[in-house]
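The sequence shown lines up with residues 1 to 1002 when you count with UniProt numbering.
Cβ atoms here follow ideal geometry from the backbone N, Cα and C, with glycine treated the same way.
Input: a single structure, listed below in structure tokens.
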Amino acid sequence: MDTKEHYKPLYLLLICLSTILHQTLAFGSTPSAKVLCIKKEREALLEFKRGLIDENNLLSSWKNDGDNEECCSWRGVKCSNTTGHILVLNLRGSIESNPDGTKDLTLRGNISSSLVKLQYLKYLDLSFNDFGGQIPRFIGYFKRLEYLNLSYSYNTFTGLIPPQFQNLTYLRALDLGGNSLTCKNLEWLPHLMYLEYLDLSASNVQATNWLQQVIKLPNLRELHLSSCQLPIIIPSSFVSANISSSGLSVLDISYNGYSSPAINSWLFNFTSLTSLDLSGNDLGQIASAFGYLKSLEHLRLYGSGIQGGIPKSVENLSHLCSLDARSNNLSQPFSELLNILSGSNRSLELLSFEDNALTGSLINLTRFSSLRELRLRNNLLNGIFHESFRQISSLEYLDLSNNQMTGPLPDLALFPSLKELRLGGNHFNGKMPQGLGQLSKLKILDVSFNRLQGLPESLGKLFDLESFDAPYNLLEGTISEAHLSNLCNLKSLNLTSNPLTWNVSLDWVPCFQLQVIGLSSCNLGPLFPKWLETQNSYSILDISLNSISDTTPSWFSKLPPMLSYLNLSYNQISGKIQDLSANNLGSFVLDFSYNNFSGPLPIFPKFVYDLHINNNQFSGSLNSICKLRSATILDLSENLLSGEIPDCWSLMSVPMILNVANNRISGSIPYSLCSSTALGSLYVRKNNLSGEFPASLKNCQGLKVLDLGRNTFSGKIPEWIGTKLPYLGILSLRFNKFSGSIPPSICQLQSIQILDLSGNHLSGTIPQGFSNFTSLQLLQDGSSVSYDFDPYVPRVGVLYHGNALVQWKNKESEYQSTLWLLKTIDISSNELVGEIPKDFSQMNALLSLNLSRNNLTGNIVEGIGTMKMLEVLDLSRNQLSGKIPIGLANLTFLSVLDLSNNNLSGRIPLSTQLQGFDSSTYGGNIQLCGRPLPECPTFAPPNPQVGYDSNASTSQENDDEFLSKEFYVSMALGFIIAFWGVLGSLFFNNSWRTAYFKLLHL
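Here you go:
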């Protein structure tokens, strides 16, 4: 909702009409009488044109020839019917971009000083063009000017507002908004005594006395100072009486960082205000003084940081028509809010509280008989759709989406005026009401993602296909022609993720032309919906998860030129995809994944920026992707594609994600793929790629995910991997033919969470420095940092969920949406030697460690008990020796342990944890004993209560030595000798015996 356009009063139109004396201002219209223009003014216009770049030939009528010397008929020019002087120059443009990047109705260049010759000019509008630099000073010499609009220049005007503007004493409307101007002072402003409309939005207003200067304008009615970095007003610096006498009606001071105390002392003295915009400030607790603004009709508080609730004083606003308080922290009960607004129950037309935390149910709405818009999206409202709604027949826009409402949908025939109905993301159940077919004015219908209570919010993400699960959705039944036959104005239909059954005849032709079609999980199959052939205006089409087992019809290749999102995924659609290159006007998303498409890759539209064709049966080369120009995501995985990855990336935009995993691709990684740092994720596993580690990857310095697993790469892992790829979070080189040692620089990958070098021919020792992996260490508060390496795609607005094969709990599994939560190191099945580095124990956030099937020697790391999060530990099939550290018994999350086939010895420490594993966990260690293996050959007292202390681990292990028979024999003999030595002395020595008994009698 644009504040400026929404609140601009009708008197601006009157200004325009009076300025041109009842002549129209439309671009290119003709005058009502034939009047020859003044020659010098015509020449001034032609000189002005020569300084412009007019790519769209907007000023084609500006010609100096026999047929067009009458400049009063030129586009945007109006003259006086009596004198011929130019009164109006209206060259308002547009900076809206077309899909191909061109601009409509836009002029570029310099504003020539020749225009100063138009001294009778009353109306000048050069807004929405591609000008820049400083505002020309000569504009301040148009002394008859009444309307001046230089707003929203494409390059934006900069610098100071010329002080010569003080000469524009007849000016009634001044619009400089949307530029980057600086206002060090506003001393020129009070000279504009007739000014009624002023817009300085986005200017840097540094004048501390801005309010004093504004209230000096006796006729000012509308003031826009949005995003002006306004200085805080000191109450003692102005006289409130002057404010009270002001006739200001519209005030916009949004996005200035004001708090409630900063405005309370002066704002509420503007008692004549009818429209107030405080959006984007930091109000906190909203002031109770709003009750003084009794003339207020429009109040906008969007994103203004309001805490708690709306104050009771708002009930004094008996003329309030619209209240927009979206995106705040309002948490009061909705019924309480309605009571506060009861003073405006006859005037209130728009009520918007989206993105708050309002509670309670929807009741007591019947008193608001004039309500047209009710927007309550993203709150905590509950209860049923109350029958009291039936009395608000004027309701046109109703948005209750993403709340916690329950029960069946009401009879929608009770709302004959509805144009928008958004009820998605609740817990509604039952059937679609038949009354839907009577809403002939309806344009938008959204009842998507209604689900059982208690389910995670992730189910409501439109593009997250993993969240679709039909049994959780509660709206059911049949959608028939009776529901849709009268909805001829319908533009958007979203029934996504509801187990509805689509039941229309094969030859049904709907009367609507949809722009948005969201019918995922609506049981459209098994045939491809024929009625879609009649739709030629949609920009979004989602018919995923519909059990369509048909082939795509020939007409489907003729996609609408405005298409931005097309999703056919998770069906069983087969056959070839026709050439889609004709649809090349705009950039969009194509998702054909999880189907049975076959044949070669089609030629896609060159502006596709998100392409998913994974999990199909496409074959042949990848060369057609070279025609893409702005791809951000390319997922071609799980197909039958062959040949090499084309080396054409220098001619196109390098994607953020390239996934060609599980195909039949050969060759190596092309050098041009790293021609920019855009590439963030590269998945090429399970192909036939070969050669040494791709040297070109050293230029992909933005890589976060690199998966080269299950290919036939060979040679050494380069030393530069730790320095040139510093952001790697996932590195998988599993099951290739890499040899040589692990480069020590790999320890510089501080963000690494998954390191998989398994199944190669790596030799040498494991380098020291694994303690540098900061993402594998717990923080002081016991938590750990997990990075989400799925990149966010701004144009799509979603995360791309990559995937990786990870050896987890003795099983190779593919992880996708939870991949970023895994923290694993797998260096198994290599030829590594030496000891396990002691700093491994510092990776206390690690979940899985697999060093099996190597030639490692030495002891198990003594401090392993500090790796508190470890769930999987596999050290099997090495040559480790020594005892099992008692600290291992303290790993309470450990669910998979394999120490088999080593040279471990001694007794297995007693604990519930370690004795809970199968004997195969410890098998192949012939000197190891104790449960679950056979008991040790001699009696040993039980272990002391396990209470691991890393500083005492050595002494505890020493106390755990086996006690032999010789130990007990020696102890018995010592006792006997000592005992009889004392008694014998007393028996044979009389003096000792006498002394001893005297001692007893003391």
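Item, Value
"Is the separation between the beta-carbon of T106 and that of N129 shorter than 7 Å?", "yes"
"What does a CB cutoff of less than 6 Å around G383 pick up in its chain, not counting 5 residues either side in sequence?", "S361"
"Residues in its own chain within less than 6 Å of K998 by CB, not counting five upstream and five downstream?", "Confidence is the limiting factor: at K998 the pLDDT is only 40, short of 50, which leaves the residue's position unreliable, though a coordinate-based value still follows. Once the five neighbours on either side are set aside, K998 has no close Cβ partner at all."
"What does the alpha-carbon distance come out to for the pair D277 and L409?", "36 Å"
"Output the distance between the C-alpha atoms of L590 and A678, rounded to the nearest integer angstrom.", "21 Å"
"Hey, how far is the Cα of S630 from the Cα of V608?", "7 Å"
"What do you get for W555, buried or exposed, if any count of 16 or more other CB atoms within 10 angstroms of its CB means buried?", "exposed"
"Given a cut-off of 7 Å on the beta-carbon distance, is the pair S668 and G691 in contact?", "yes"
"Take S569 and list the residues in its own chain whose beta-carbon comes closer than 8 Å to its own, dropping the five residues that flank it on each side.", "L465, S544, L545, D591, F592, S593, Y594, N595 and H612"
"Check this for me: beta carbons of A357 and S335, under 7 Å apart or not?", "no"
"What whole-angstrom Cβ distance do S841 and V861 have, given they're in contact under 8 Å?", "5 Å"
"Measuring straight from C-alpha to C-alpha, what distance separates Q780 and W210?", "51 Å"
"Is DSSP giving R664 helix, strand or coil here?", "strand"
"Counting along the chain, where does the beta strand (DSSP E) carrying L495 start and finish?", "Looking at the DSSP string, L495 is not in any beta strand (DSSP E), and its letter there is neither H nor E."
"From H427, L395, L418 and F415, pick the residue whose C-alpha is nearest to that of Q404; which is it?", "H427"
"Return the Cβ separation of G740 and K716 in integer angstroms, given the expectation that the two are a contact with Cβ distance under 8 Å.", "4 Å"
"Take the Cβ of H761 as the centre, count every other Cβ of all protein chains shown within 10 Å, and call the residue buried at 16 or more, exposed below.", "exposed"
"In angstroms, rounded to a whole number, what distance separates the CA positions of Q913 and G759?", "30 Å"
"Measuring only the C-alpha atoms, how far is L819 from G709?", "16 Å"
"Could you spell out the range, first to last residue, of the alpha helix (DSSP H) harbouring N264?", "S260 to L267"
"Which whole runs of the alpha helix (DSSP H) in the segment 323 to 363 are 4 residues long or more, in chain order?", "334 to 340"
"Taking the alpha-carbon positions, what's the L963 to L728 distance?", "Reliability of the predicted coordinates at L963 is poor, the pLDDT of 40 falling under 50, and the value obtained from them is presented with this limitation in mind. Whole-angstrom Cα-Cα distance: 52 Å."
"Between which two residues does the beta strand (DSSP E) containing I752 stretch?", "Segment: none, I752 is in no beta strand (DSSP E) and carries neither H nor E."
"I need the boundaries of the beta strand (DSSP E) containing K811, first residue and last residue.", "K811 to Y815"
"With DSSP run on the structure shown, which of helix, strand or coil describes T158?", "strand"
"Whose C-alpha, out of D579, K576 and I540, is nearest the C-alpha of P560?", "I540"
"Could you tell me the distance, in whole angstroms, from the CA atom of L341 to the CA atom of S304?", "19 Å"
"To which residues of the same chain is T169 closer than 8 Å at the C-beta, ignoring the five residues directly before and after it?", "K143, H191, L192, M193 and Y194"
"Quick test of your reading: N567 and I548, contact by CB under 8 Å. State the CB separation rounded to the nearest angstrom.", "At roughly 12 Å, the Cβ-Cβ gap does not stay under 8 Å, so N567 and I548 are not in contact."
"Measuring straight from C-alpha to C-alpha, what distance separates P456 and R377?", "Low confidence applies to P456: its pLDDT is 33, below 50, so where it sits in the model is not reliable, and the reading given next is rough at best. C-alpha separation (whole angstroms): 18 Å."
"In this structure, how does DSSP classify T501 when only helix, strand and coil are distinguished?", "strand"
"Measuring CA to CA, which of L91, E55, T83 and N56 is closest to L45?", "L91"
"Give the list of continuous beta strand (DSSP E) stretches no shorter than 3 residues that lie fully inside the segment 198 to 228.", "222 to 224"
"Using the Cβ count rule (16 or more neighbours within 10 Å means buried), how would you classify P235?", "exposed"
"Check the C-beta distance from L445 over to I479 and give it rounded, since I have them as a contact under 8 Å.", "Not a contact, Cβ separation roughly 11 Å."
"Should A582 be labelled buried (16 or more other beta-carbon atoms within 10 Å of its own) or exposed?", "exposed"
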